[in-house]
Amino acid sequence: MSRFNKLFMLLALFSLVLAACREAPEPTAEPEPEPTEEQTTTEETVEEPEEAPEETTEEVGAIKIGFMGPLTGGAAFIGQEQLGFVQAVAEIYAEEYGLTIEVVEGDTEINPDTGKIVAEQFAADEEIIGVVGPAGSQVCEAVQPTFADAGLAHLTPSCTSTGLTQPGTATFFRPIPTDADQSKTIV
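For the sequence shown, counting from 1, position 98 maps to 97 in numbering that gives the first Met the number 0; every step adds exactly one.
1) Since residue 65 and residue 114 should fall inside the 8 Å C-beta cutoff, what is the C-beta to C-beta distance between them, to a whole number of angstroms?
2) I'd like to check one pair, residue 109 with residue 63: are the Cβ atoms closer than 8 Å?
3) With DSSP run on the structure shown, which of helix, strand or coil describes residue 198?
4) Look up residue 107 in the DSSP assignment and say whether it is helix, strand or coil.
5) DSSP puts residue 60 in a beta bridge; with which residues?
6) If you reduce the DSSP assignment to three classes, tell me which class residue 154 lands in.
7) CA-CA distance, residue 134 and residue 89?
8) Counting Cβ pairs closer than 8 Å, one from the region 114-123 and one from the region 92-101, do we hit at least three?
9) Given a cut-off of 8 Å, decide if residue 138 and residue 111 are closer than it, judged by their beta-carbon atoms.
10) How many angstroms separate the CA atom of residue 154 from the CA atom of residue 73?
11) What does the alpha-carbon distance come out to for the pair residue 169 and residue 152?
12) Alpha helix (DSSP H) containing residue 144: first to last residue?
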C-alpha cells in the first residue's frame, strides 16, 4: 500500500477520534412489545440469561506516524499540547481497537530550517505513513516540497496561511480555516 493510500487511513483515524469526542445521544426507552396469542397463556416460561460476549482486545496492527512541532524553545507550549493530543489518540486506538500507533517525535523549534531537517528524516523512514504537524505556516511552507516528493501526507493542526493549499499541494491537509477565511469572520 502506498504512503498516500495510508494517508486516508490516518485521516480516517483522526476523524473517528473527533467524532468519538462528541456527546453521545441519550438512550430512548424501547416500547414494550404487545403480547402475542402464545404469550397470553397462563404458562410461565423462564428464559435463561444470555451470556455476555467476552471482550477481547486483539491487536489489529501497527502503524507509525510522525509528529513535528516546536517541542523546545519559546513556542514549546504549542508543540507539547499538540503532541499530547496525538499521544491521546494513539492510546485511545490502542485500548479501543487494538491498533498500535508508534509516534515518532520531531522538534522543529518552529524554525523552517530545523523543520526541513525533521521532514527529511521522516520522508526517509519508509515506515512512517503520515505526519501530524508542523506548527507555524513558515515551517509548513518549508517542508511541503519534501513531503510532496516523498508522497507523504501531513496534517497540520495550526498552519493557516492561505498559500499552503494552492494547487500542487496534494499531500497537505488541515482541519482549520485559512487566514483569509478567518479574516472574513472577524470583519
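Cβ coordinates follow ideal geometry from the N, Cα and C atoms, glycine included.
If we stick to the structure as given:
1) Contact doesn't hold; Cβ gap of about 12 Å is too wide.
2) no
3) Outside the modelled stretch of the chain, which goes from 0 to 186, sits residue 198, for which no answer is possible.
4) coil
5) 98
6) strand
7) 19 Å
8) no
9) yes
10) 22 Å
11) 8 Å
12) 136-149
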